[in-house]
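Residue numbers (our numbering): 54 to 267.
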Amino acid sequence: MEQLSYLYTFLTHDNPLTEKLQREASGRDDIQPFVEIETARLISLLIRLTGTKKVLELGTGIAYSTIWLGEAVRETGGSLLSIDNHVRTGVEAAENIRSAGLIGVVELISGNAEEIVPAMAGEDSGSFDLIFQDCGKYLYPLLYEDIYLLLKPGGVLVTDDTLFSVTKGIRKGLGRYIDVYNAKLFSDPRYYSTMLPVGHGLAVSLKLRRKEAE
Ligand SMILES: C[S@@+](CC[C@H](N)C(=O)[O-])C[C@H]1O[C@@H](n2cnc3c(N)ncnc32)[C@H](O)[C@@H]1O
């Protein structure tokens, strides 16, 4: 698209490794797609704007988005926890975090988010300033309430791929989960949300403090 080609002439990477990973990705069919650079920069900007310290990412992949978020929390003096259950790409992600110089800022958790997130919500509720949801799409509706619990009041939920059901070339089945998720999110008075046509759709939601939600 003409507009995207134009904006790509301006958007630069914060860490040289993400540029390399993006360049190499077009020749690989063994990894899942990364967030687009405009999405990555928007989330990084949100973290910087709000001075966000504690971030949770669901869906690390080979750590492309993790490096972007990690660079932002390094700036704010915060930390990032990222969860993924894919063992082979997890090894690559750990190597990429090391190469990006983000050890001590980013912690990777290898395991099933379907089990880990509810367990964390039971123990650590209200502990994250920002949660980035980019995991298996079937998990979006499933983990909805646990994510709400994990987010502190005044915290931000960023959800990728919220336009999947109207995006060409995306498996129709995945759009079904997203439709259920969007219906929940956009009718939920506990959040103030918007959706942007960035990448495959990005929802940004503020978890309202109790008074604001009444
Ligand atoms: C779209 S990819 C993440 C891409 C990454 N956020 C980026 O932009 O570079 C989705 C990831 O979710 C992970 N995933 C899917 N189901 C999962 C589950 N049940 N538990 C943990 N991770 C899961 C996949 O292994 C995959 O790496």
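All residues carry an ideal CB built from backbone N, CA and C; glycine is no exception.
Quick one: residues in its chain with C-beta nearer than 7 Å to the C-beta of Cys188, no 5 flanking neighbours on either side, listed in chain order? To locate residue 188, count along the sequence shown from 1; it is residue 135. Only Leu111, Gly112, Ala166 meet the Cβ criterion.
Could you check what DSSP says for Met248 in three-state terms: helix, strand or coil? If you number the sequence shown from 1, residue 248 lands on position 195. If DSSP states are grouped into helix, strand and coil, Met248 belongs with the strands.
Pick out whichever of Glu91, Phe217, Arg81 has its Cα sitting closest to the Cα of Phe63. Along the sequence shown, read from residue 1 onward, the residue named residue 63 stands at position 10. Measuring from the Cα of Phe63, the nearest candidate turns out to be Glu91.
What is the residue span of the alpha helix (DSSP H) that Pro69 lies within? Indexing the sequence shown from 1 puts residue 69 at position 16. Unbroken alpha helix (DSSP H) run through Pro69: 69-78.
Proximity below 7 Å, CB of Val219 to CB of Asp199: Locating residue 219 in the sequence shown gives position 166, counting from the first residue. Locating residue 199 in the sequence shown gives position 146, counting from the first residue. Contact: no.
Round the Cβ separation of Asn68 and Ala153 to the nearest angstrom and send it over; I've been treating them as touching at under 8 Å. One-based indexing of the sequence shown puts residue 68 at position 15. One-based indexing of the sequence shown puts residue 153 at position 100. Rounded, the Cβ-Cβ distance is 5 Å, consistent with contact.
Excluding the five sequence neighbours on either side, which residues of its own chain have a C-beta within less than 6 Å of the C-beta of Leu133, listed in chain order? Taking the sequence shown and counting its residues from 1, the one referred to as residue 133 is at position 80. Around Leu133: Val108, Leu122, Gly123, Val126, Val159.
CB-CB length for Phe185 against Leu203, believed under 8 Å: Locating residue 185 in the sequence shown gives position 132, counting from the first residue. Locating residue 203 in the sequence shown gives position 150, counting from the first residue. The pair is not a contact, with the Cβ atoms about 12 Å apart (cut-off 8 Å).
Would you call the CB atoms of Tyr245 and Leu227 closer than 7 Å? Within the sequence shown, residue 245 is the residue found at index 192, counting from 1. Within the sequence shown, residue 227 is the residue found at index 174, counting from 1. No; because the gap between Cβ atoms is not below 7 Å, this pair is not in contact.
Determine the contact status of Gly207 and Arg262, defining contact as a CB-CB distance below 7 Å. Translated into the one-based positions of the sequence shown, residue 207 becomes position 154. Translated into the one-based positions of the sequence shown, residue 262 becomes position 209. Yes, Cβ-Cβ distance for Gly207 and Arg262 is below 7 Å.
Taking its Cβ as the centre, do 16 or more other Cβ atoms sit within 10 Å of Thr71, making it buried, or is it exposed? For this step, residue 71 is matched to residue 18 along the sequence shown. Thr71 is buried by the Cβ-count criterion.
Using CA coordinates, which residue listed in Asp214, Gly164, Pro242, Val209 is at the minimum distance from Leu249? Within the sequence shown, numbered from 1, the residue matching residue 249 stands at position 196. Out of Asp214, Gly164, Pro242, Val209, Asp214 has the C-alpha closest to the C-alpha of Leu249.
Are the Cβ atoms of Glu89 and Gly254 separated by less than 7 Å? Taking the first residue of the sequence shown as position 1, residue 89 is located at position 36. Taking the first residue of the sequence shown as position 1, residue 254 is located at position 201. No; because the gap between Cβ atoms is not below 7 Å, this pair is not in contact.
Here's a check: name, in chain order, each residue in its chain whose Cβ is nearer than 7 Å to the Cβ of Ile231, leaving out the five neighbours to either side. Numbered from 1 along the sequence shown, position 178 holds the residue referred to as residue 231. Excluding residues within five positions, the ones whose Cβ falls inside 7 Å are Lys190, Tyr193, Asp214, Thr215, Phe217, Ser218.
Are Ile162 and Ile136 touching if we call contact CB-CB under 7 Å? Stepping through the sequence shown from its first residue, residue 162 is reached at position 109. Stepping through the sequence shown from its first residue, residue 136 is reached at position 83. For Ile162 and Ile136, yes; Cβs fall inside 7 Å.
Burial state of Leu102 (16 or more Cβ within 10 Å): Here residue 102 is taken as the residue at index 49 of the sequence shown, counted from 1. Result: exposed.
Can you name the residues that DSSP bridges to Asp213? The residue given as residue 213 occupies position 160 in the sequence shown. Partner(s): Leu255.
What do you reckon, are the CB atoms on Leu238 and Val209 nearer than 7 Å? On the sequence shown, position 185 is the one that residue 238 refers to. On the sequence shown, position 156 is the one that residue 209 refers to. Cβ atoms of Leu238 and Val209: not closer than 7 Å.
What are the boundary residues of the alpha helix (DSSP H) that Ser240 is part of? For the purposes of this step, residue 240 is identified with residue 187 of the sequence shown, where counting begins at 1. Run containing Ser240: none; DSSP gives neither H nor E here.
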